[in-house]
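Q: Below you will find the structure I want to go over with you.
In the numbering used here, the protein residues as written are 1228 to 1431.
Now the structure itself:
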């Protein structure tokens, strides 16, 4: 399938299983590129921050001075973060080894479930874009959202706890949709929102 030309989505490729996200974007006919340096953000219209190890991501981003550029990018363009990506997008993380970007106004406990929590897959109900969907979600040493502030919308819960949130253009997920080939979140972040913004622009 040939990817469309009207946008380019980046996938942060410092660490983690970023190739799976590229495959999801390919499925949606969205062009993508791997992002390893801050200046490459100028070439894209949205960004995926994949899972991995948040302390390692922090270290790698500090080495190449990524933080301020990415914060500026987030003011106008959508970001989707999964697992460690959610941790990086949070406003507060009580772990001095992690420097969060402060993009979504939540607090995360990256070790809330301990080191030995079993990874698991289960069904989730997701409320997004005015629709309710049932998806399969895989959790791997998932971070826990411990505080959600007023401007943040909870779009999915598991066992009474928030596991997916939305604020403005941005989505943060405690699980890995890419492992189950779930396209819902990538499609909303990088297709539906662009279409809605285009409609608003033409209506103005």
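Beta carbons: idealized from backbone N, C-alpha and C, even for Gly.
#1: Ignoring anything shorter than 3 residues, give me the beta strand (DSSP E) runs that lie fully in the stretch 1358-1415, in order along the chain.
#2: May I ask you to list the residues that DSSP assigns as paired with residue 1333?
#3: What residue does the beta strand (DSSP E) around residue 1306 start on, and which one ends it?
#4: Identify, in the order they occur along the chain, each residue of the same chain with its Cβ nearer than 7 Å to the Cβ of residue 1281, setting aside the five sequence neighbours on each side.
#5: State yes or no: is the C-beta of residue 1351 within less than 7 Å of the C-beta of residue 1301?
#6: The alpha helix (DSSP H) with residue 1252 in it runs from where to where?
#7: I need the boundaries of the alpha helix (DSSP H) containing residue 1298, first residue and last residue.
#8: Return the residue from the list 1258, 1409, 1295 and 1256 that minimises the CA-CA distance to residue 1348.
#9: Could you please give me the residues that DSSP links to residue 1261 through a beta bridge?
#10: Using the three-state DSSP reduction, which class does residue 1273 fall into: helix, strand or coil?
#11: Which of the three DSSP states is assigned to residue 1351 in this structure?
#12: Counting C-beta neighbours from all protein chains within 10 Å, is the total for residue 1386 16 or more, i.e. buried, or is it exposed?
#13: Let me check understanding here. Comparing Cα to Cα, which of 1258, 1256, 1268 and 1251 lies closest to residue 1239?
#14: Should residue 1270 go down as buried or exposed, given a rule of 16 or more other Cβ atoms within 10 Å for buried?
#15: Please classify residue 1419 as buried or exposed, where buried requires at least 16 other C-beta atoms within 10 Å of its C-beta.
#16: What's the call for residue 1309, buried or exposed, on a 16-neighbour Cβ count within 10 Å?
#17: In or out: residue 1264 buried (at least 16 other Cβ within 10 Å) or exposed?
#18: Measure from the alpha carbon of residue 1278 to the alpha carbon of each residue in 1415, 1399 and 1411, then state which is nearest.
#19: Taking the alpha carbon of residue 1244 as the reference point, which residue from 1235, 1284, 1299 and 1257 has its own alpha carbon closest?
#20: Looking at the secondary structure, which residues open and close the beta strand (DSSP E) in which residue 1323 lies?
#21: Let me check understanding here. Comparing Cα to Cα, which of 1396, 1371, 1266 and 1406 lies closest to residue 1416?
#22: Check this for me: beta carbons of residue 1407 and residue 1365, under 7 Å apart or not?
A: Concretely, from the data shown:
#1: 1358-1366, 1371-1375, 1380-1385, 1388-1394 and 1397-1400
#2: 1375
#3: 1306-1309
#4: 1311, 1314, 1315, 1325 and 1337
#5: no
#6: 1245-1254
#7: 1294-1301
#8: 1409
#9: 1238
#10: strand
#11: strand
#12: exposed
#13: 1268
#14: exposed
#15: exposed
#16: buried
#17: exposed
#18: 1399
#19: 1284
#20: Here residue 1323 belongs to no beta strand (DSSP E), and DSSP marks it neither H nor E.
#21: 1396
#22: yes
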